[in-house]
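For the protein sequence lines, the chains are A and B, in the order given. Under our numbering, the first residue of the first sequence carries the number 1, and numbering increases by one thereafter. Under our numbering, the first residue of the second sequence carries the number 1, and numbering increases by one thereafter. Idealized CB from N, CA, C, for every residue including glycine. The structure presented is a predicted model; accordingly, all values stated were derived computationally and were not measured. Data block below; observations after.
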Amino acid sequence: DAGVIQSPRHEVTEMGQEVTLRCKPISGHDYLFWYRQTMMRGLELLIYFNNNVPIDDSGMPEDRFSAKMPNASFSTLKIQPSEPRDSAVYFCASTKTTGGYGEQFFGPGTRLTVL
Amino acid sequence: SQQGEEDPQALSIQEGENATMNCSYKTSINNLQWYRQNSGRGLVHLILIRSNEREKHSGRLRVTLDTSKKSSSLLITASRAADTASYFCATDAKEYGNKLVFGAGTILRVKS
């Protein structure tokens, strides 16, 4: 298996622009997680899905952030409009374990820079 | 505040030495995991220890869990330059909705 795939790997955009991050989980995994990593706040869980349904989005910082999972093999995280404080590395992870608390498999991340 | 906190924040050792990292947490947990993150990469799962386990081994890794002290340690024996990375503990607890909560991490540098 190719592992969790994320695109793009790097994104540089200007404040106010829309940003869309993409993730393809490992085939057969039924949980998908979106994390954000910064030096100041560490690794934060933004939202997670089970069987394509959002279960907990309490970590989504603002209404500017939205996430979808239209099918089992694809998810997007959208920021509209983007702000400089959104600059971070965004990770997608997936797992198969019931309850979502087993080993998680992380993608390589998308490094977002908002100017 | 974070559920898990690692200690030390940074550690620098010579190749061949052992490295010990500690993690403390605040609430009762279901299990605790350790992850490694190489610079510019995603996290990689190392080992999972359940709340009813006290010690677990995987290759050069040894993890202990003391639920009475709400702490865990990760020991890497005979370290190698390739072990240079950040190491994170992650806990899942009913109080946190059974989501994984990561600590701030320990930066390990192994000098050759």
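Query                                                                                                                                       : Result
Spatial neighbours of Gly28 of chain A in its chain, beta-carbon cut-off 8 Å, leaving aside the 5 residues before and after                 : Lys96
Where the beta strand (DSSP E) containing Gln33 of chain B begins and where it ends                                                         : Asn31 to Gln37
Within chain B, partners of Gly28 of chain A - CB distance below 7 Å                                                                        : Here the premise fails: no neighbours, minimum Cβ distance about 17 Å.
Ala81 of chain B, DSSP secondary structure in three states                                                                                  : helix
Closer than 8 Å at the beta carbon, the chain A residues around Arg41 of chain B                                                            : Pro108 and Gly109
Assigned secondary structure, Glu95 of chain B (DSSP; H/G/I helix, E/B strand, else coil)                                                   : helix
Pairwise C-alpha distance: Arg9 of chain A and Gln17 of chain A                                                                             : 18 Å
Best match in A:Gly42, A:Gln80, A:Tyr31 and A:Ser58 for proximity to Asn52 of chain A [C-alpha to C-alpha]                                  : A:Tyr31
Buried versus exposed call for Met69 of chain A [16 or more other C-beta atoms within 10 Å across all chains shown]                         : buried
Whole-angstrom C-beta distance between Gly102 of chain A and Val4 of chain A, which should lie under 8 Å                                    : Actually they do not touch by this definition, with Cβ atoms about 15 Å apart.
Where Glu11 of chain A falls, given that 16 or more other Cβ within 10 Å makes a residue buried                                             : buried
Close Cβ partners of Lys70 of chain B (< 7 Å) along its chain, the five nearest in sequence each way excluded                               : Ser24, Tyr25 and Lys26
Contacts that Gly97 of chain B makes with chain A (C-beta to C-beta distance below 7 Å)                                                     : Asp56
Beta-carbon proximity of Glu17 of chain B to Ser79 of chain B, cut-off 7 Å                                                                  : yes
Contacts around Thr77 of chain B, its chain only, beta-carbon distance under 6 Å, and the 5 residues preceding and following it disregarded : Asn18 and Arg60
Where the stretch 43–70 of chain B meets chain A: residues whose CB sits under 8 Å from a CB there                                          : Leu43, Val44, His45 and Leu48
7 Å Cβ cutoff, Leu46 of chain A in contact with chain B                                                                                     : no
Residues that Asn52 of chain B bridges to, as DSSP identifies them                                                                          : Beta-bridge pairing links Asn52 of chain B to no other residue.
Paired residues, beta bridge with Glu11 of chain A - DSSP                                                                                   : A:Leu112
Chain-ordered residues of the stretch 7–18 of chain A with a beta carbon less than 8 Å from chain B                                         : none
Where Ser12 of chain B sits in the DSSP three-state scheme                                                                                  : strand
Simplified DSSP assignment, three categories, for Arg109 of chain B                                                                         : strand
Any chain A beta carbon closer than 7 Å to Ala19 of chain B                                                                                 : no
Simplified DSSP state of Ser1 of chain B, which is helix, strand or coil                                                                    : Here Ser1 of chain B scores only 43 on pLDDT, less than 50, and its place in the model is too uncertain to base an answer on.
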